[in-house]
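Visitor: Its first residue numbered 144, the sequence shown is counted upward by one per residue in the working numbering.
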Amino acid sequence: MHVFVTAPKQSIYYAKRRIQPCSVLLGLMSSRSFELSTLISTTKRSTRIPVTKRTIRQQPSTIPKNKIQKSSSLNSTTLVHKGYISSKLDYFRGWSYQQVYLNRRLDYKRSTQTTPTNNIVGTSNDNHQHSRHYDSYAGCTTSLEADTDTDADQDRILLFEHNPVYTLGRGANEEHLTFLDKEHDGGESSRRKLCRKARGSDSCRLSVDKLRKVDLNLSIEEEIESMDTPATVLAPNGAPIYRIERGGEVTYHGPGQLVCYPIVDLTKDPYKKDLHWYLERIEEIIIHTLKEYDIHGVRDDINTGVWVGENKIAAVGVSSSRWITTHGFALNVDSDLSNFDSSVIIPCGIEGRGVTSIAKVLKERYGHNNDVDYHIPNIDEVANVVIQKFELIFDAQVAAGSNLS
């Protein structure tokens with residue numbers, strides 16, 4: 144089956160599945176028609192850790208420290224940045240890292256669309272400025288000995304464990320924040336801050352339009368520190384709520400949940416300029432990760448994400464700007480699932496279906512049997528498995544980047 148969609152610049156389009164919570168945001172494309180084909184995943188099968196009837200344990204794994212080969216170009220390697228080692232990160236700070244990396248990469252691409260010229264007689268001042276801007280990047284993008292953590296044109300994976308937060312996708316319905324009706328004004332002021340059209344200092348919107356100008360004199364951390372904290376609406380449990388630039392409805396992030404943001408350029412190997420292909424492989428990474436814990440995760444024909452039975456274990460919502468991806472997925476490892484309670488939100492806008500986690504599945508399966516020795520993995524253990532599966536599914540090369548805090 145082929146679906147033909149005309150997608151104007153910065154529009155959202157969907158195919159293959161009905162628009163549903165945590166669905167993929169496929170946007171920011173130039174005006175033309177695209178042919179989107181329904182794909183069948185043909186990824187390699189993962190090698191599973193043997194699981195005996197009485198011993199359920201996850202073997203430790205690590206991200207290799209020195210996987211950059213001398214024969215490879217620097218930015219053919221995907222850097223993995225962990226943002227949970229020293230402490231859990233507030234969502235706004237994690238989002239800021241993602242957007243600064245994206246914005247610098249887009250700025251680099253704009254600066255290198257044409258070959259820069261030397262400052263010779265007859266060269267316009269604009270071209271000279273363009274060349275100087277390009278040169279400011281060149282020092283960290285042409286050498287294997289470069290500082291890869293600041294390389295502008297670098298694929299990355301950001302891994303976070305956030306403090307409690309709720310996020311709404313770009314087109315999410317505020318009515319799925321069920322607690323708003325109980326506020327003193329019926330939730331009117333909160334809805335005004337969270338609505339799709341909200342802009343300005345009173346808006347709870349985290350948008351890329353807050354990050355247009357790149358100041359190369361600032362470090363990434365300095366640029367993040369200089370950003371203004373947006374307005375917030377607080378849920379009954381005190382967690383802030385933001386509207387963000389991804390597909391899907393409302394979801395929760397918090398302790399015990401692994402959040403993964405791949406920032407990769409789909410125009411380069413080993414990727415493809417096909418967002419459905421990318422989305423299916425993100426889901427495949429989650430499914431193969433769950434297999435390591437003898438958990439059978441599946442896709443849903445209608446809703447994105449990964450499910451165990453009727454319960455959602457991982458939410459998927461991605462965004463793309465000039466074929467560079469942001470956002471990604473959230474996998475419940477050992478989360479407090481009461482934060483998904485319907486008295487607060489309708490998770491991903493789906494009524495009548497629940498939420499689960501790796502810990503809950505294993506406890507329900509083995510917790511009643513004292514003879515079974517089973518292991519509840521921590522965030523770092525699951526993160527390392529996710530990276531292994533990312534390498535496998537995308538046939539990509541990864542290396543450890545700096546930790547984020």
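Ideal Cβ placement from N, Cα and C applies to all residues, glycine included.
Quick check on Leu474: buried or exposed, where buried means 16 or more other Cβ atoms within 10 Å of its Cβ?
Guide: Residue 474 sits at position 331 when you count from the first residue of the sequence shown. Buried.
Visitor: Only counting the same chain, and skipping five residues up and downstream in sequence, which positions put a Cβ closer than 6 Å to that of Ala315?
Guide: In the sequence shown, residue 315 corresponds to position 172, counting from 1. Same-chain partners within the cutoff: Glu392, Val393.
Visitor: For the alpha helix (DSSP H) containing Thr432, list its first residue and its last residue.
Guide: Looking up residue 432 in the sequence shown gives position 289. First-last of the alpha helix (DSSP H) with Thr432: 418-434.
Visitor: Please confirm whether Arg334 and Leu323 have their CB atoms less than 8 Å apart.
Guide: By one-based count along the sequence shown, residue 334 stands at place 191. By one-based count along the sequence shown, residue 323 stands at place 180. Yes, Cβ-Cβ distance for Arg334 and Leu323 is below 8 Å.
Visitor: Cutting at 7 Å between CB atoms, please list the residues of its own chain near Lys231, excluding the five before and the five after it.
Guide: What you label residue 231 is simply residue 88 of the sequence shown in a count that begins at 1. Closer than 7 Å at the Cβ level, and outside the excluded window around Lys231, lie Glu304, His305, Asn306, Pro398.
Visitor: Taking buried to mean at least 16 other C-beta atoms within 10 Å of its own C-beta, is Lys225 buried or exposed?
Guide: Translated into positions along the sequence shown, residue 225 becomes position 82. Counting Cβ neighbours within 10 Å, Lys225 comes out buried, since at least 16 surround it.
Visitor: Mapping DSSP to helix, strand and coil, what is Val308?
Guide: By one-based count along the sequence shown, residue 308 stands at place 165. The answer is strand: DSSP assigns Val308 an E or B state.
Visitor: With 16 as the cutoff for other CB atoms within 10 Å, does Asn360 come out buried or exposed?
Guide: Taking the first residue of the sequence shown as position 1, residue 360 is located at position 217. Asn360 is exposed by the Cβ-count criterion.
Visitor: What residue does the alpha helix (DSSP H) around Ala526 start on, and which one ends it?
Guide: The count along the sequence shown starts at 1 and reaches residue 526 at position 383. Looking at the DSSP string, the run of the alpha helix (DSSP H) that includes Ala526 is 522-537.
Visitor: Quick check on the DSSP output: the alpha helix (DSSP H) that includes Arg465 runs from which residue to which?
Guide: As a position in the sequence shown, residue 465 is number 322, starting the count at 1. Taken as a continuous stretch (DSSP letters only), Arg465 belongs to no alpha helix (DSSP H), as it is neither H nor E.
Visitor: Provide the residue span of the beta strand (DSSP E) that contains Ile363, from first to last.
Guide: Here the question's residue 363 lines up with position 220 in the sequence shown. It is not in any beta strand (DSSP E) - Ile363 instead sits in the alpha helix (DSSP H) that spans 363-368.
Visitor: Looking at the structure shown, is His439 part of a helix, part of a strand, or coil, going by DSSP?
Guide: As a working mapping, residue 439 is identified with position 296 in the sequence shown. Coil at His439, not helix or strand.
Visitor: Roughly how many angstroms lie between the CA atoms of Lys503 and Lys336, to the nearest whole one?
Guide: Within the sequence shown, numbered from 1, the residue matching residue 503 stands at position 360. Within the sequence shown, numbered from 1, the residue matching residue 336 stands at position 193. C-alpha separation (whole angstroms): 35 Å.
Visitor: In whole angstroms, what separates the C-alpha of Leu422 from that of Gln531?
Guide: What you label residue 422 is simply residue 279 of the sequence shown in a count that begins at 1. What you label residue 531 is simply residue 388 of the sequence shown in a count that begins at 1. Distance between the alpha carbons of Leu422 and Gln531: 18 Å.
Visitor: Any idea if Gln241 is buried or exposed, counting beta-carbon neighbours within 10 angstroms, 16 or more meaning buried?
Guide: What you label residue 241 is simply residue 98 of the sequence shown in a count that begins at 1. Answer is buried; the Cβ neighbour count reaches 16.
Visitor: Considering only their Cβ atoms, is the gap separating Ile406 from Thr468 smaller than 8 Å?
Guide: If you number the sequence shown from 1, residue 468 lands on position 325. If you number the sequence shown from 1, residue 406 lands on position 263. The answer is yes: Cβ separation under 8 Å.
Visitor: Counting along the chain, where does the beta strand (DSSP E) carrying Val541 start and finish?
Guide: The count along the sequence shown starts at 1 and reaches residue 541 at position 398. From DSSP, the beta strand (DSSP E) with Val541 extends over 540-543.
Visitor: Quick check on Tyr234: does DSSP put it in helix, strand or coil?
Guide: Position 91 of the sequence shown holds residue 234. Helix, per DSSP.
Visitor: I'd like to check one pair, Arg236 with Ile367: are the Cβ atoms closer than 8 Å?
Guide: Here residue 367 is taken as the residue at index 224 of the sequence shown, counted from 1. Here residue 236 is taken as the residue at index 93 of the sequence shown, counted from 1. Yes. Within cutoff.
Visitor: Evaluate the contact criterion for the segment 436-445 versus the segment 365-382: three or more CB pairs, one atom per stretch, below 8 Å.
Guide: Contact fails: fewer than three Cβ-Cβ distances are below 8 Å.
Visitor: For the candidate residues Trp466, Ile445, Asp477, Asp444, whose alpha-carbon lies nearest to that of Ile456?
Guide: Against the sequence shown, residue 456 aligns to sequence position 313. The option with the nearest alpha carbon to Ile456 is Asp477.
Visitor: If the criterion is Cβ atoms closer than 8 Å, does the pair Arg389 and Gly312 meet it?
Guide: For the purposes of this step, residue 389 is identified with residue 246 of the sequence shown, where counting begins at 1. For the purposes of this step, residue 312 is identified with residue 169 of the sequence shown, where counting begins at 1. In contact: Arg389 and Gly312 (Cβ atoms closer than 8 Å).
Visitor: To the nearest angstrom, how far is it from the Cα of Asp408 to the Cα of Glu534?
Guide: Counted from its first residue, the sequence shown places residue 408 at position 265. Counted from its first residue, the sequence shown places residue 534 at position 391. Distance between the alpha carbons of Asp408 and Glu534: 15 Å.
Visitor: Could you compute how far the alpha carbon of His319 sits from the alpha carbon of Gly381?
Guide: Counting from 1 along the sequence shown, the entry for residue 319 is found at position 176. Counting from 1 along the sequence shown, the entry for residue 381 is found at position 238. Taking the straight line joining both Cα atoms gives about 17 Å.
Visitor: How would you write the range of the alpha helix (DSSP H) that Ile488 sits in, first residue to last?
Guide: By one-based count along the sequence shown, residue 488 stands at place 345. Counting along the chain, Ile488 falls outside any alpha helix (DSSP H), and DSSP gives it neither H nor E.
Visitor: Would you list the residues sitting across from Val498 in a DSSP beta bridge?
Guide: Looking up residue 498 in the sequence shown gives position 355. Per DSSP, Lys455.
Visitor: If I measure Cβ to Cβ from Leu249 and keep anything under 8 Å in the same chain, skipping five residues before and after, which residues do I get?
Guide: Position 106 of the sequence shown, counted from the first residue, corresponds to residue 249. Once the five neighbours on either side are set aside, the close Cβ partners of Leu249 are Ser464, Arg465, Ile467.
Visitor: Give me the Cα-Cα distance between Ala539 and Gln400, rounded to the nearest whole angstrom.
Guide: To locate residue 539, count along the sequence shown from 1; it is residue 396. To locate residue 400, count along the sequence shown from 1; it is residue 257. If I take the Cα positions, the gap works out to 24 Å.
Visitor: Whole angstroms is fine: what's the gap from Trp420's alpha carbon to Asp233's?
Guide: By 1-based counting over the sequence shown, the position of residue 420 is 277. By 1-based counting over the sequence shown, the position of residue 233 is 90. Using only the alpha carbons, I get a separation of about 31 Å.
Visitor: Between the C-alpha atoms of Gln153 and Leu418, what's the straight-line distance to the nearest angstrom?
Guide: As a position in the sequence shown, residue 153 is number 10, starting the count at 1. As a position in the sequence shown, residue 418 is number 275, starting the count at 1. Residue placement at Gln153 is poorly supported in this model, since its pLDDT is 35, which falls under 50; the coordinates still yield a value, given next. Going from the Cα of Gln153 to the Cα of Leu418 covers about 15 Å.
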